[in-house]
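Below is one structure; the comments refer to it alone.
Number of protein chains: 2
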Amino acid sequence: MKLDDAAAHLEALGNPTRLKIFRALVRAGDNGLSVGKLQTRLDIAASTLSHHLKTLLVVGLITQERQSTTLICRASYDLMRGLVDFLVDECCVESTGTLCVTKSAC
Amino acid sequence: MKLDDAAAHLEALGNPTRLKIFRALVRAGDNGLSVGKLQTRLDIAASTLSHHLKTLLVVGLITQERQSTTLICRASYDLMRGLVDFLVDECCVESTGTLCVTKSAC
DNA sequence: CTCTTATTTCGATACTATTAGAAATACCGT
DNA sequence: ACGGTATTTCTAATAGTATCGAAATAAGAG
Chain A
1 MKLDDAAAHL
11 EALGNPTRLK
21 IFRALVRAGD
31 NGLSVGKLQT
41 RLDIAASTLS
51 HHLKTLLVVG
61 LITQERQSTT
71 LICRASYDLM
81 RGLVDFLVDE
91 CCVESTGTLC
101 VTKSAC
Chain B
1001 MKLDDAAAHL
1011 EALGNPTRLK
1021 IFRALVRAGD
1031 NGLSVGKLQT
1041 RLDIAASTLS
1051 HHLKTLLVVG
1061 LITQERQSTT
1071 LICRASYDLM
1081 RGLVDFLVDE
1091 CCVESTGTLC
1101 VTKSAC
């Protein structure tokens, strides 16, 4: 993953409202949640929700699937995993210490 | 970790310049890097760097230690690990599918 | 075709972030 | 104390973001 992409993903998750949305979708798993259900659960204005969903969508953190009138949203697990990997990647490679003998230590 | 804290950390990392800074420190490991060394490496204005370092500092993503005139910065590995854990935490708990039988699958 | 439900776009407002040059401060070595 | 190096604060211009109500669009149901 490129740094600018990672930054874009982190920025997208860096807003409390969007993080709430994303986590609700992460919790929901492969069932996903409709926009309407998200709105009811999180109790935010529909326009605000739509705005944030678009932000998450354009960076790829979520996907959407139409089921007639309702729109099902799902977290993109691949991208989330890639982001987590990016954060710990190259950890301590310049260190002379023993902090990162194994990657799990970071 | 509370959601608002996690969002603050993600937001701090969500700026390309700050992410560059943070990654340089993550690479550096427990040796850390001085502000001046960071400035030379990343080639950004000293005032801009100082500003971003403060942002990372107040959310706790980095720590600083004075060594006479120079200021050594280090990534806070604990916080980074906490953030990564937060992201995958509660993954798929509401799912009826088989996506997350083990946590590693997320 | 019209009604209803679901979601998005528009428009406006208020707030916050990014950047960097210039000036200020901190601290050590001599 | 002086000079030099390291870092921060001040100031300001510019641009971007968050929010929500109102209106608009989309799509199935009757």
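Protein chains in written order, with the numbering used here: chain A, 1 to 106; chain B, 1001 to 1106. Yeah, the Cβ is synthetic: ideal placement off N, Cα and C, and Gly gets one too.
8 Å Cβ cutoff met for residue i and residue j
i: B:Gly1108; j: B:Ser1076; result: Only positions 1001 to 1106 of chain B appear in this structure, which leaves residue 1108 of chain B out of reach.
i: B:Ala1045; j: A:Leu19; result: no
Proximal residues of chain A, C-beta to C-beta of residue i below 7 Å
i: B:Gly1082; result: Going along chain A, no residue has its Cβ under 7 Å from B:Gly1082, so there is no contact; the nearest lies around 11 Å.
i: B:Thr1096; result: Asn31
i: B:Val1093; result: Arg27
i: B:Leu1087; result: Met80, Val84
Rounded straight-line distance, which links the Cα of residue j to that of residue i
i: B:Glu1011; j: B:Asn1031; result: 26 Å
i: A:Leu53; j: B:Cys1073; result: 36 Å
i: A:Asp89; j: B:Ser1047; result: 28 Å
i: B:Thr1070; j: B:Asp1085; result: 33 Å
i: B:Thr1055; j: A:Gly29; result: 33 Å
i: B:Val1093; j: A:Val26; result: 8 Å
i: A:Leu38; j: B:Asp1005; result: 22 Å
i: A:Ser68; j: B:Leu1013; result: 38 Å
i: A:Asp43; j: A:Asp78; result: 28 Å
i: A:Leu33; j: A:Pro16; result: 19 Å
i: A:Thr63; j: A:Ile21; result: 13 Å
i: B:Thr1096; j: B:Met1001; result: 26 Å
i: B:Cys1091; j: A:Cys91; result: 25 Å
i: A:Arg66; j: B:Arg1066; result: 56 Å
Listed by chain order, chain B residues near residue i by CB distance under 7 Å
i: A:Arg74; result: Going along chain B, no residue has its Cβ under 7 Å from A:Arg74, so there is no contact; the nearest lies around 10 Å.
i: A:Gly14; result: Ala1007, Leu1010, Glu1011, Gly1014
Burial state of residue i, where buried means 16 or more other Cβ atoms lie within 10 Å
i: B:Leu1003; result: exposed
i: A:Val58; result: exposed
i: B:Arg1041; result: exposed
i: B:Arg1023; result: buried
i: A:Met80; result: buried
i: A:Gly36; result: exposed
Residues that residue i contacts on chain B, provided the C-beta gap is smaller than 9 Å
i: A:Thr69; result: Those do not exist, as A:Thr69 stays about 23 Å from chain B at its closest Cβ, beyond 9 Å.
i: A:Lys20; result: Leu1003, Ala1007
i: A:Glu90; result: Arg1023, Val1026, Arg1027
Nearest-angstrom Cβ-Cβ length linking residue i and residue j, presumed shorter than 8 Å
i: B:His1009; j: B:Leu1087; result: No, B:His1009 and B:Leu1087 are not in contact; Cβ-Cβ is about 10 Å, not under 8 Å.
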